[in-house]
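Residue numbers (this note's numbering), protein chains in the order written: chain A, 1 to 81; chain B, 1001 to 1375.
Below you'll find the structure, written out as structure tokens, and then a few comments.
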């Protein structure tokens, strides 16, 4: 499975600075640049990551998910007590 | 109900009171005062009926496994025998139709003594503990009714849990205080080697903004991300960061407040009333109530409730601004309760919009750099 098939299709669209929803500080807070990973042409296997690293674990999870049924759906919710 | 996802996580409020008085508590310190109308404990008849309803739902939808979260108040106030009884009733009832139940208890950690842990081990109940970092960070908010700190008692329980009872250790839950040092807080959570850390944004909405200014929580989480992702080996799962990274990569989020995942959780109060989600409690009194209860309604009825339907509707429940946002698929509008605006409702961006955009942008840039290095 090519990662391009899974990657979020947002190329060329930059997250915009939201309007000032809370009155102050919004522009200062969200200098979000477009730093999209240019990985559309790569397969998961071509993305190298140190074994056991956060990225390696994330890629392994993505690889495993592609083999799962979409019906295996669950989410979690927890709150502090 | 066509297309509705069956409920798979049942949060049972087996106790409605707590032995701590945390200043940010979603149950006691916000607009919703449901707890005042609740019995202190879930009665045996209510528990049995809840178990029947869960079993009925599992049968109708062919669920081979469901998750049960024992919650409160402080659920361990039920005592070891009380916990054993709850687990036995629910598990035995589900077993009649061949459905298995995975149990977790979310506790403040102050009652994790050896006898309690023995019972939790005997009944295979995994344990999540709420702790807000080191002593100073924790005791600033998580205090006893008399005003004392709770850190020492929590750590005593946590050391037991993570030592002799390690197989029960589900993880830690930490509410963010943006004035704290993010790296110090993260590192203070590592010594017990938690399998998972959940960082929660403080309960807030547009009518009750977060304690810190816009962006402060995003920057806090960015600092944690850099420390976490920069380690040579993955030290623990930081669920919020894991889910954002996974969703940025194109994966499917399994956390309610990331991505466009459909919520499959439901809450049952001590009196058997069915509630939507604790996070809604900050809006107004009764905000989380559904008007349904386990005596008169099935969990299929829950799926028809507008509040639940909205939380399964994905993008269709989002504000126009969210629909136009390039990060919609990753952010998913954020935690439902954080979208509330008095007089408007929930069709608003999350009050943490700036923070989430900042964090997601940072994860994208990190991924671009990391992926670039692999070429």
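Backbone N, C-alpha and C define an ideal beta-carbon position, used for all residues, glycine too.
How big is the Cα-Cα spacing for residue i and residue j?
| i | j | result |
| --- | --- | --- |
| residue 1029 of chain B | residue 51 of chain A | 45 Å |
| residue 1084 of chain B | residue 1122 of chain B | 9 Å |
| residue 38 of chain A | residue 1224 of chain B | The predicted position of residue 38 of chain A is uncertain, since its pLDDT is 46 and thus under 50; a value taken from the coordinates is nonetheless stated next. Whole-angstrom Cα-Cα distance: 24 Å. |
| residue 974 of chain B | residue 1219 of chain B | Any answer about residue 974 of chain B is impossible in this case: the structure gives chain B only from 1001 up to 1375. |
| residue 116 of chain A | residue 63 of chain A | Outside the modelled stretch of chain A, which goes from 1 to 81, sits residue 116 of chain A, for which no answer is possible. |
| residue 1319 of chain B | residue 1285 of chain B | 24 Å |
| residue 1306 of chain B | residue 1052 of chain B | 24 Å |
| residue 1120 of chain B | residue 1020 of chain B | 21 Å |
| residue 1345 of chain B | residue 1266 of chain B | 20 Å |
| residue 1113 of chain B | residue 1350 of chain B | 39 Å |
| residue 1099 of chain B | residue 1065 of chain B | 5 Å |
| residue 1127 of chain B | residue 1106 of chain B | 6 Å |
| residue 1135 of chain B | residue 1152 of chain B | 8 Å |
| residue 995 of chain B | residue 1077 of chain B | This structure leaves residue 995 of chain B out entirely; chain B is present only between 1001 and 1375. |
| residue 1321 of chain B | residue 1278 of chain B | 25 Å |
| residue 1092 of chain B | residue 1038 of chain B | 26 Å |
| residue 1283 of chain B | residue 1341 of chain B | 8 Å |
| residue 1232 of chain B | residue 1370 of chain B | 13 Å |
| residue 1069 of chain B | residue 1015 of chain B | 12 Å |
| residue 1160 of chain B | residue 1348 of chain B | 44 Å |
| residue 1140 of chain B | residue 1243 of chain B | 29 Å |
| residue 1005 of chain B | residue 1298 of chain B | 15 Å |
Beta carbon of residue i, beta carbon of residue j: below 9 Å?
| i | j | result |
| --- | --- | --- |
| residue 1027 of chain B | residue 1072 of chain B | yes |
| residue 1352 of chain B | residue 1194 of chain B | no |
| residue 1174 of chain B | residue 1226 of chain B | no |
| residue 1237 of chain B | residue 1200 of chain B | no |
| residue 1104 of chain B | residue 1125 of chain B | yes |
| residue 1246 of chain B | residue 67 of chain A | no |
| residue 1206 of chain B | residue 1339 of chain B | yes |
| residue 1057 of chain B | residue 1007 of chain B | yes |
| residue 1212 of chain B | residue 1188 of chain B | no |
| residue 1090 of chain B | residue 1054 of chain B | yes |
| residue 1222 of chain B | residue 1111 of chain B | no |
| residue 1355 of chain B | residue 1182 of chain B | no |
| residue 1043 of chain B | residue 1270 of chain B | yes |
| residue 1240 of chain B | residue 1258 of chain B | yes |
| residue 1067 of chain B | residue 1101 of chain B | yes |
| residue 1248 of chain B | residue 1367 of chain B | yes |
| residue 1154 of chain B | residue 1166 of chain B | no |
| residue 1097 of chain B | residue 1059 of chain B | yes |
| residue 1117 of chain B | residue 1168 of chain B | yes |
From the DSSP output, in three-state form, read off residue i for me.
| i | result |
| --- | --- |
| residue 1054 of chain B | helix |
| residue 17 of chain A | With a pLDDT of only 32 at residue 17 of chain A, under the threshold of 50, the placement of this residue in the model should not be trusted; the figure read from the coordinates follows. Residue 17 of chain A falls in the coil class under three-state DSSP. |
| residue 1370 of chain B | helix |
| residue 49 of chain A | coil |
| residue 1174 of chain B | strand |
| residue 1104 of chain B | strand |
| residue 1133 of chain B | coil |
| residue 1347 of chain B | coil |
| residue 1393 of chain B | The requested residue 1393 of chain B is not part of the displayed model; chain B covers only 1001 to 1375. |
| residue 1027 of chain B | coil |
| residue 28 of chain A | Confidence at residue 28 of chain A is low in this model, with a pLDDT of 29, below 50, so the placement of that residue is unreliable and no value is reported for it. |
| residue 1233 of chain B | coil |
| residue 1285 of chain B | coil |
| residue 1340 of chain B | coil |
Under the rule that 16 or more other beta-carbon atoms within 10 Å means buried, what is residue i, buried or exposed?
| i | result |
| --- | --- |
| residue 1364 of chain B | buried |
| residue 1202 of chain B | buried |
| residue 1304 of chain B | exposed |
| residue 1115 of chain B | exposed |
| residue 1150 of chain B | buried |
| residue 1033 of chain B | exposed |
| residue 1108 of chain B | buried |
| residue 1164 of chain B | exposed |
| residue 1296 of chain B | exposed |
| residue 1229 of chain B | buried |
| residue 1145 of chain B | exposed |
| residue 1158 of chain B | buried |
| residue 60 of chain A | exposed |
| residue 1080 of chain B | buried |
| residue 1191 of chain B | exposed |
| residue 1324 of chain B | exposed |
| residue 1361 of chain B | buried |
| residue 1343 of chain B | exposed |
Using a threshold of 8 Å, is the CB atom of residue i nearer than that to any non-hydrogen atom of the ligand SAM?
| i | result |
| --- | --- |
| residue 1017 of chain B | Here there are no bound small molecules, and the ligand SAM is not part of this structure. |
Practice problem: Report yes or no: do three or more beta-carbon pairs, one from the stretch 1302 to 1321 of chain B and one from the stretch 1256 to 1271 of chain B, lie closer than 8 Å? | Solution: yes
**Report entry** At least 3 beta-carbon pairs within less than 8 Å: the stretch 1163 to 1174 of chain B vs the stretch 1295 to 1313 of chain B
**Finding:** no
So, does the stretch 1250 to 1258 of chain B touch the stretch 1319 to 1336 of chain B, judging by three or more C-beta pairs under 8 Å?
Yes, since at least three Cβ pairs between the stretch 1250 to 1258 of chain B and the stretch 1319 to 1336 of chain B fall closer than 8 Å, the two stretches touch.
| said: Contact between the stretch 1271 to 1280 of chain B and the stretch 1289 to 1302 of chain B is defined here as three or more beta-carbon pairs at a separation below 8 Å; is this criterion met? | reply: yes
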